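Counting from 5, one number per residue, gives the positions in the sequence shown under our numbering.
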Amino acid sequence: FDMISHEDDPIWLKYESIYGSYDEFDGLRESKDGPHLALRVQEAWTWLASRREKNLAICSHSAFFMHQFQPYLPEMMGLISYEDKEVERLMMDRRFDNCELRTVAFQTAEM
Numbered sequence: 005f006d007m008i009s010h011e012d013d014p015i016w017l018k019y020e021s022i023y024g025s026y027d028e029f030d031g032l033r034e035s036k037d038g039p040h041l042a043l044r045v046q047e048a049w050t051w052l053a054s055r056r057e058k059n060l061a062i063c064s065h066s067a068f069f070m071h072q073f074q075p076y077l078p079e080m081m082g083l084i085s086y087e088d089k090e091v092e093r094l095m096m097d098r099r100f101d102n103c104e105l106r107t108v109a110f111q112t113a114e115m
């Protein structure tokens, strides 16, 4: 956790300043901001590709994984592609469950 630079989540604070607290607004927040979400997903893939480790455990909110692996928003199209149609079907056909474990292998377009 030594790469965490903020005690409070600046992304949550951004949307809280726009929509109000969680108790005041229970609608979509980040999912309504396609361009920013696409940038975050692209930055996550870039960061992962820059790591020297070959095996990593990644923890995140299931909604972020959904957008990372199941690009529903127009801004997200083209950030990820599946070469194997069976894997694409497995990743796209159902949502991520809470505390779910999935194993993923990926390579960047440059490889």
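Where is the CB? At the ideal position from N, CA and C, for every residue including glycine.
These figures come from a predicted structure and were not determined experimentally.
Scanning the stretch 30-81 for uninterrupted alpha helix (DSSP H) segments of 4 residues or longer gives 38-54, 66-73, listed from N- to C-terminal end.
Residue environment analysis places residue 95 among the buried positions, since at least 16 neighbouring C-beta atoms fall within 10 angstroms of its C-beta. In the DSSP assignment, residue 85 falls outside any alpha helix (DSSP H) and carries neither an H nor an E. Put simply, of 26, 34, 47, 7 the residue whose alpha carbon is nearest the alpha carbon of residue 67 is 34.
In terms of Cβ geometry, residue 48 and residue 72 form a close pair [threshold 8 Å]. Per DSSP, reduced to three states, the secondary structure at residue 17 is helical. Taking a 10 Å sphere around the C-beta of residue 60, we find fewer than 16 other C-beta atoms and assign the residue as exposed.
Taking C-beta atoms under 8 Å as the contact rule, residue 45 and residue 7 fail to qualify, at a distance of about 18 Å. Taking the Cα positions, residue 31 is about 14 Å away from residue 16.
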